[in-house]
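Chains as they are written, first to last, in full-length UniProt numbering: chain A, 1 to 443; chain B, 1 to 443; chain C, 1 to 443. In this text, a Cβ means the ideal position worked out from N, Cα and C, and glycines have one as well. Below: the structure, in C-alpha cells.
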Amino acid sequence: MQVIMEKLFLSEFLMASGESALDATAKVDDLMAISVEGLFTANNVWMMLATVLVFIMHLGFAGVEAGFSQSKNTVNILFKNTLTPVIGILTYYIIGFNLMYPGFEVPGWFSFGGFFLDVPLNGNSTEYASGGYTYWTDFLFQAMFAATAATIVSGAVAERIKISSYLTFTLLFVGIVYPIIGSWKWGGGALDAAGFYDFAGSTLVHSVGGWGALAGIILLGPRIGKYVNGKVIDKPGSSVPLATIGIFLLWLGWFGFNGGSVLSGKPGAVSYVLVTTSLAACTGALGGLFAGYFVFKRLDFGMVLNGVLAGLVGITAGADVISPGWALVVGLVAGILVVFSAVTLDKFKLDDCVGAVSVHLTCGVWGTLAVGIFGVDTTGNALPFLPQLFGVAVCGITAFTSAFLIFFLLKKAFGIRVSEQHELEGLDSHEHGIRGYTIVYDE
Amino acid sequence: MQVIMEKLFLSEFLMASGESALDATAKVDDLMAISVEGLFTANNVWMMLATVLVFIMHLGFAGVEAGFSQSKNTVNILFKNTLTPVIGILTYYIIGFNLMYPGFEVPGWFSFGGFFLDVPLNGNSTEYASGGYTYWTDFLFQAMFAATAATIVSGAVAERIKISSYLTFTLLFVGIVYPIIGSWKWGGGALDAAGFYDFAGSTLVHSVGGWGALAGIILLGPRIGKYVNGKVIDKPGSSVPLATIGIFLLWLGWFGFNGGSVLSGKPGAVSYVLVTTSLAACTGALGGLFAGYFVFKRLDFGMVLNGVLAGLVGITAGADVISPGWALVVGLVAGILVVFSAVTLDKFKLDDCVGAVSVHLTCGVWGTLAVGIFGVDTTGNALPFLPQLFGVAVCGITAFTSAFLIFFLLKKAFGIRVSEQHELEGLDSHEHGIRGYTIVYDE
Amino acid sequence: MQVIMEKLFLSEFLMASGESALDATAKVDDLMAISVEGLFTANNVWMMLATVLVFIMHLGFAGVEAGFSQSKNTVNILFKNTLTPVIGILTYYIIGFNLMYPGFEVPGWFSFGGFFLDVPLNGNSTEYASGGYTYWTDFLFQAMFAATAATIVSGAVAERIKISSYLTFTLLFVGIVYPIIGSWKWGGGALDAAGFYDFAGSTLVHSVGGWGALAGIILLGPRIGKYVNGKVIDKPGSSVPLATIGIFLLWLGWFGFNGGSVLSGKPGAVSYVLVTTSLAACTGALGGLFAGYFVFKRLDFGMVLNGVLAGLVGITAGADVISPGWALVVGLVAGILVVFSAVTLDKFKLDDCVGAVSVHLTCGVWGTLAVGIFGVDTTGNALPFLPQLFGVAVCGITAFTSAFLIFFLLKKAFGIRVSEQHELEGLDSHEHGIRGYTIVYDE
C-alpha cells in the first residue's frame with residue numbers, strides 16, 4: 001500500500017511540474033500492475049471466502065447426521081465427521097490434488113501429476129495464471145470439496161459401521177476414487193471432451209458420494225429393529241435443533257460450493273449462481289413439504305430439511321446455465337423426488353440413517369440430467385442431453401463399483417459392522433467411553 | 001484473467017519495442033476496463049458476503065426462538081423458522097422486489113414494477129449501474145432482508161399459533177406489506193422525500209416486524225398458564241446454549257445487515273458501520289445486564305442476550321451517521337429499554353415468548369428517533385428529528401393495522417390458535433409427529 | 001460507481017473525438033484513483049471478513065466450554081463467554097487499542113496513545129495509510145483479537161470461579177495486560193526490535209491467555225471431587241455436539257485469525273497462510289487421536305477436538321514462514337503435546353475444565369519455538385531461535401505474574417471461589433436462576 005501511495009504522490013508531483021506525455025507512458029505500466037493486482041485480489045478474496053464456506057459444510061453435515069441419529073451414537077458420528085475433513089484435506093494434499101488436476105496431455109481417463117503440492121517457484125506466488133485465485137486457494141478450495149464426498153457416505157452408514165472400516169474407506173474413496181472421477185471433467189479429462197457438463201458437482205461430488213453411500217448400506221444391511229414385520233420403525237434422532245443448524249449451515253456453505261465454482265469473483269456470474277441456488281433450495285423445501293404431507297399425512301419437518309438439501313444438490317450441476325424460473329422447477333422436483341426416493345429405499349430395506357442416498361444420489365442424478373433439459377449456454381443454445389446421461393452413467397458405475405469393492409474387501413478382511421451388543425447399547429459407550437449428552441442437575 | 005495477463009504481456013512488449021505516447025493512449029482504455037472491473041468486483045464481493053451473513057440470521061432467529069421456548073414446541077418453531085426464509089425469498093422473487101423498488105416516477109406511496117425479476121438484457125450482466133453490486137446481488141440481499149421482518153413475528157406468537165395461520169400471515173406480510181412500506185424510503189418514495197432517515201431498517205424492518213408481532217399477540221392472547229393470579233409464570237426454554245448460538249449468529253449476521261446497507265464495499269463507510277454496530281451491541285448487553293439486575297435481582301442471562309439484540313436494533317437506523325461515542329449511548333439505552341418494555345408488556349398480559357416486541361419494536365422506534373438526536377450528516381449538520389417521528393408513526397400505523405387486519409380476518413375465517421389440548425401437550429407431537437429432543441441411552 | 005461510469009463514458013467520448021496524447025495524461029490520474037480504490041477495497045473486504053471470522057470464535061469458545069463442562073453450570077459459562085467479547089471490545093475502545101499501538105518513538109516497553117479512538121480528521125476516512133485496511137477495520141479486527149485472550153482463561157477456571165472475580169480479572173487482563181504485551185511486538189516495541197517473531201499470536205494471544213489460565217487454576221484449586229484418592233474423576237460435559245460446534249467454529253474463525261494477520265488481502269500471502277493453518281489443524285487432530293489412544297486406550301474424541309485446536313495454536317506463530325510440509329509436523333507435535341500436557345497437569349492436581357492451558361499455553365510455546373526451528377524468511381534464511389525463546393520467556397513471565405497478582409488480590413479482597421454448596425448444586429440455579437437445558441414433554 002505504501003508503494004501505491006508513493007506512486008500516487010509521484011503522479012501528482014509529475015502533473016504539478018508539467019509532465020510530458022512520455023511520463024504518462026511510464027505511469028501507465030505502474031497503473032497496470034495496481035489494476036491487475038486489485039482485480040486479482042478481489043477475485044481471490046471471493047475464492048477464499050468460498051473455501052471458508054465449503055469448510056463449514058463439514059459442520060453442517062455433522063449437525064444433520066448427529067441430529068438425525070440416535071443419542072447413543074452421537075459421539076461416534078461426530079468423531080467420524082470431524083476426522084472426515086482431516087483425512088480429506090491430508091489425502092488431497094498428498095495425492096488427490098495431483099490426481100484430479102494432473103494436466104492431461106490429451107483428454108483421458110487417468111494421469112498423475114506427482115505426490116504432494118507443486119509449490120510455485122517463487123513460494124508465495126501471486127502469479128498463478130490459471131484463474132482468479134492463487135495456487136494455494138485453488139488447492140484448499142478443492143480439498144474442502146473433496147472431503148464432502150466422503151461425508152455423504154458417513155451419514156448413510158451411521159449407527160452400525162465399524163469406525164476403522166469407515167476411516168479406511170474414506171482414505172481410499174477421497175484419496176483416489178473421487179479425484180480420478182473428478183479429473184474426467186474438471187481436470188480436463190475424457191468426460192469434459194465428451195461435452196459432459198457439471199458446474200459444481202451434482203454428479204462429480206454428490207452422486208459420487210451417494211453411490212458410495214448406497215454401496216455401504218447394501219453391504220452393511222439395515223440397523224437392528226429398523227424393519228420389523230414389513231413395517232419401517234422410526235429411530236428418533238437425538239436433536240432436531242442440531243439437524244436444523246446443520247441444514248442452515250449446509251445452505252450457507254452452498255453459497256461457497258456453487259458460488260466458488262465460478263472460480264473467480266466475477267460479479268454477474270457469481271451472483272447469478274447464488275440466486276439460482278437459493279431459489280432451488282426454497283422450492284426444494286416446498287417439494288419436500290408437499291410430498292411429505294402427501295405420503296405421511298403430517299407436516300414432516302425432516303422432509304422439509306431434506307427438501308432444502310435436495311434442491312441444493314439438484315441445482316448444483318447447472319446453477320450457472322439454468323434460468324431462475326427453471327431453477328424453481330429443478331428444486332421443486334428434487335424436493336418431491338427426495339421423499340419418494342426415501343420411501344422406495346425403505347421398501348427395499350435399504351436403511352439410510354439420514355436420507356443421504358436420496359438427497360445426494362437421486363437428486364444429484366436429477367440435477368445433472370436437468371442441465372440437459374433446461375440448461376442454456378452463454379450464446380443461448382440448449383445444452384445437449386446425451387452427454388449428461390453418459391456422464392451420470394460413467395461416474396455412477398465407477399463410483400458404485402469402487403465403493404462396493406472397497407467395502408466388500410474390508411468386510412471379507414475385517415468385517416465392517418459392529419457387534420449386535422455394541423449396536424444395541426450404542427457405539428459411544430463402547431468405542432469412545434463417553435456419552436453425547438449428559439444433562440443432569442443433581443450431583 | 002487470461003485476457004488480463006495477455007494485456008500485461010502486451011504492455012511489456014510495447015515498452016520493450018519502444019512504444020510511442022499514442023500506444024499509451026490505447027492502453028489507457030484497456031486499463032480503464034480492468035480498473036473498473038476490479039473495483040466493481042471488490043464491491044460486489046462485499047455485498048455477496050453481506051447477503052450470506054443476513055441469510056445466517058435466519059438460523060440465528062431459529063436458535064433464539066427454539067432455545068427460549070418450551071421443548072414440547074421445538075420442532076414447530078424450527079419448522080416455522082425454516083419456512084420463513086423460504087416464503088420470504090419466493091414472494092420477494094415473485095412480487096416483493098418490484099413492489100419495494102418500483103422506480104417511482106414521483107415520490108409516492110405505491111407503485112409496482114411488475115411480477116418476477118426483471119432479467120437484464122445481457123443475462124449475467126455485470127453492468128448493473130445502480131451501485132456497487134449486480135442486479136442479482138441486489139435482489140438476493142434485499143430478499144434475505146425481507147424474510148427477517150416475518151421471522152420477528154414468529155418468535156412472539158410461538159407456542160400457540162396455528163401453523164397454517166402463521167404461514168398465510170407470512171405470505172401476505174412479507175410479500176406485500178413489508179415491501180410497500182420499504183418502498184416509501186428505500187424505493188425512493190414519499191418518506192424519503194420527506195427527509196426520513198433509516199439506514200438499515202430500525203423502522204422499516206425491525207419495528208415493522210415488531211408491530212406485526214404486537215398485533216399477533218394481542219389477537220392470540222397469552223399462553224395458558226402464563227399469567228396466574230396476577231403473577232407472571234416463567235416457561236423455561238428448552239436450551240440456553242441454543243439461544244446463545246442464535247444471539248451470536250444474529251450479531252454475526254448484523255455485520256452484513258448493517259455493513260451491507262452501505263450498498264457497496266466502500267472501505268471507510270462500511271468499516272465505520274461495523275464499529276458503531278459492535279459498540280452498540282456491547283453496551284446493549286450491559287444495559288440489559290444492569291436493568292435486568294435492577295428489576296429481577298439476579299444476573300439475568302436472557303436480558304443480556306436480548307440486550308445485545310436491543311443494541312443492534314437500536315443502532316441500525318443510524319449506524320452510518322452516529323459517532324462511536326454516541327453509539328455506546330444508543331446501545332446502552334436500548335439495552336435498558338428492552339427490560340422495561342418486557343416488564344410492561346407482561347403487565348398488560350401481552351405474552352411475547354421471546355421478547356420480540358421489546359427488542360424489535362421498542363428498540364426499533366428508539367433507534368429511529370436516536371438518528372434525530374445524535375445523527376450528523378457528512379457535512380456535519382445534525383439530522384432533523386421531526387421526519388424521524390413522522391416515519392415512525394406512518395410505518396407503525398401501517399404495519400400494525402395491516403398485521404392486525406390479516407390476523408383478524410384469519411381468526412374470523414379459520415381461527416388462529418391451536419386447541420387447548422394441543423397447546424398443553426405441545427405442538428410437536430400433534431402437528432409434526434416427532435419430538436425436538438430424544439436423548440435416551442437404553443434401547 | 002456513477003462517477004466511475006461517467007469517467008468511462010468520458011473516455012469513450014474522448015477516443016471517438018480523436019483525443020490527443022495529452023488527454024490520455026489527464027485520464028491516467030483518473031485511472032490511478034479508481035485502481036488504488038479497487039485494490040484498497042479488495043484488501044479491506046478481506047480484513048473485514050477476517051474480523052467477522054474472529055468474532056465468531058467467541059461463539060466457538062462458548063460452545064467448547066459449555067459443551068465440555070457440566071450441565072449445572074451451562075448458563076454461567078455462556079454468561080461469561082457472552083460478556084467476554086463485550087468487555088474486550090469496550091476496554092479496547094477505551095484504552096487497549098492505544099496501549100497496543102501507541103506509536104513508539106523508539107522501540108520500548110511502554111507507551112500510551114491516549115484514551116478512546118483517534119478518529120481520523122475526515123471522519124469516515126478511507127485514507128488510513130498503515131496498510132490494506134481502514135482505521136476502523138484495524139480497530140475492530142484487533143479488538144476481536146484482544147477478547148480471545150480472556151476467553152482462554154474462562155474455560156480453565158469454569159465451574160467454581162465467582163462471576164464478579166472473573167469479570168474484574170477480564171477487565172484488567174484484556175484492558176491493560178494484553179495490549180501492553182502485544183505492543184512489544186505488534187506495536188513495534190522492544191521484542192520486535194529484538195528480532196522476536198510471532199505472526200498471529202501463538203505467544204502474544206494464546207500463551208498469554210494460557211498463562212492467565214494457569215495462574216487462575218493454581219489460585220482457585222481443583223473442583224470438588226475432581227481428584228479423589230489419587231484418581232482423576234471425569235466430570236462429563238453437558239453436550240459433545242455443542243463442543244464439536246465450538247471446535248469447528250474456532251477452526252473457521254482461525255481462517256480470519258491467521259489469514260487476517262497478513263493485514264491485507266494479498267492473494268499469495270493470505271492463501272498460503274490458510275493452507276498451513278488447515279494442514280496443522282488436520283495433523284493436530286491425528287496427534288491428539290494417536291496420543292489419546294496411547295494414553296487412554298480408547299478413541300478419545302475430546303483429544304481429537306483439542307488436537308485440532310492444538311494444531312491451530314501451534315501454527316499460529318509461523319503460519320506465513322513455515323512450509324506446508326513442516327506445518328504438518330508442527331500440528332502433529334502440538335496434537336501429541338496437548339494430550340501429555342493435560343495428563344501432566346492432572347498429576348499436579350491442576351484442574352483445567354476444558355484443557356485450555358494445554359491447548360493455548362503448551363502449544364503456544366511450542367508454536368513460537370517452532371518458528372525458530374522450521375521458519376524461513378522471504379529471502380530463504382532460517383529465522384533465529386534465541387529471540388523466540390526470549391520472547392516466550394518475557395511474555396510468559398509478564399503474563400503469568402500479572403494474572404497471578406490480579407487473581408491473588410481479588411482472592412484476598414473478596415474471594416474468587418464460590419461456596420461449596422453453590423459449586424455442588426451448580427452455579428446456574430444460584431447465580432442466574434435458570435437451567436441451561438429444560439427438556440420435558442409433559443406439562
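- Contacts with chain A at 8 Å (Cβ-Cβ) do not include residue 410 of chain B.
- In this structure residue 65 of chain A is buried. Its beta-carbon is surrounded by 16 or more other beta-carbon atoms within 10 angstroms.
- Taking C-beta separations shorter than 8 Å and ignoring five residues to either side along the sequence, the partners of residue 192 of chain A in its chain run 107, 184, 185 and 186, following chain order.
- Within chain C, the residues whose beta carbon sits less than 8 Å from that of residue 37 of chain A are 39, listed in sequence order.
- With the rule of 3 Cβ pairs closer than 8 Å, the stretch 33-47 of chain C counts as touching the stretch 27-41 of chain B.
- When the alpha-carbon of residue 179 of chain A is set against those of A:260, A:143 and A:168, the nearest one is in A:143.
- Taking all protein chains shown into account, residue 228 of chain B has fewer than 16 neighbouring C-beta atoms within 10 Å of its C-beta and is therefore exposed.
- By the Cβ test, the stretch 228-245 of chain C is in contact with the stretch 52-69 of chain C, since at least three Cβ pairs between them sit closer than 8 Å.
- A Cβ-Cβ distance of about 13 Å is found for the pair residue 333 of chain A and residue 358 of chain A, leaving them out of contact under the 8 Å criterion.
- Contact annotation, residue 201 of chain C with residue 50 of chain C: C-beta distance approximately 13 Å; criterion of less than 8 Å not satisfied.
- Contact annotation: in the stretch 419-441 of chain A, residues whose CB is within less than 8 Å of a CB in chain C are 431, 432, 433, 434, 435, 436, 437, 438, 439, 440 and 441.
- Excluding its 5 nearest sequence neighbours in each direction, residue 206 of chain A has C-beta neighbours in its own chain below 6 Å: 313, 360 and 364, listed in chain order.
- Within the same chain, 256 come within 8 Å of residue 52 of chain A by CB-CB distance, once the 5 residues on both sides are set aside.
- Residue 440 of chain B and residue 71 of chain A have their alpha carbons spaced roughly 6 Å apart.
- Taking residue 318 of chain A as reference, the option from A:299, A:384 and A:83 with the minimal CA-CA separation is A:384.
- Contact between residue 288 of chain A and residue 310 of chain A is confirmed by a C-beta separation of about 6 Å, below the 8 Å threshold.
- Close partners of residue 137 of chain C in chain B (Cβ separation under 8 Å): 267, 271 and 274.
- Rounded to the nearest angstrom, the gap between the Cα atoms of residue 417 of chain B and residue 161 of chain B is 5 Å.
- Residue 47 of chain A is a Cβ neighbour of residue 141 of chain A, given a cutoff of 8 Å.
- Contact with chain A is found for residue 245 of chain C, since one of that chain's Cβ atoms lies less than 8 Å from the residue's Cβ.
- In the three-state DSSP reduction, residue 69 of chain A falls in the coil class, being neither helix nor strand.
- Between the stretch 76-87 of chain A and the stretch 301-308 of chain C there are three or more C-beta pairs closer than 8 Å, enough to call the two in contact.
- Against chain A, the CB of residue 100 of chain B has no partner CB under 8 Å away; the residue lies outside that interface.
- At a beta-carbon threshold of 7 Å, the residues of chain B lying near residue 42 of chain A are 38, 41, 42 and 45, ordered along the chain.
- Using a CB distance cut-off of 8 Å, residue 64 of chain A does not count as an interface residue toward chain C.
- Contact check between the stretch 404-421 of chain A and the stretch 278-295 of chain C: fewer than three CB pairs, one atom from each, fall below 8 Å, which does not count as touching.
- Within the same chain, Cβ atoms closer than 6 Å to the Cβ of residue 215 of chain A are found at 400, 403, 404 and 407, the five residues on either side in sequence being excluded.
- Residue pairing from DSSP places residue 437 of chain C in a beta bridge opposite B:239.
- A Cβ of chain C is located within less than 8 Å of the beta carbon of residue 239 of chain A.
- Sorting A:362, A:347, A:370 and A:296 by C-alpha distance to the C-alpha of residue 327 of chain A places A:370 at the top.
- One alpha carbon belongs to residue 331 of chain A, the other to residue 224 of chain A, and they sit about 34 Å apart.
- Excluding sequence positions up to five before and after residue 101 of chain A, its CB lies within less than 6 Å of the CB of 187, all in the same chain and listed in chain order.
- Beta bridge pairing from DSSP links residue 382 of chain B with B:376.
- Think of a sphere of 7 Å around the beta carbon of residue 286 of chain A: the chain B residues whose beta carbon falls inside it are 86, in chain order.
- Annotated as proximal: residue 167 of chain B and residue 83 of chain B, with beta-carbon spacing under 8 Å.
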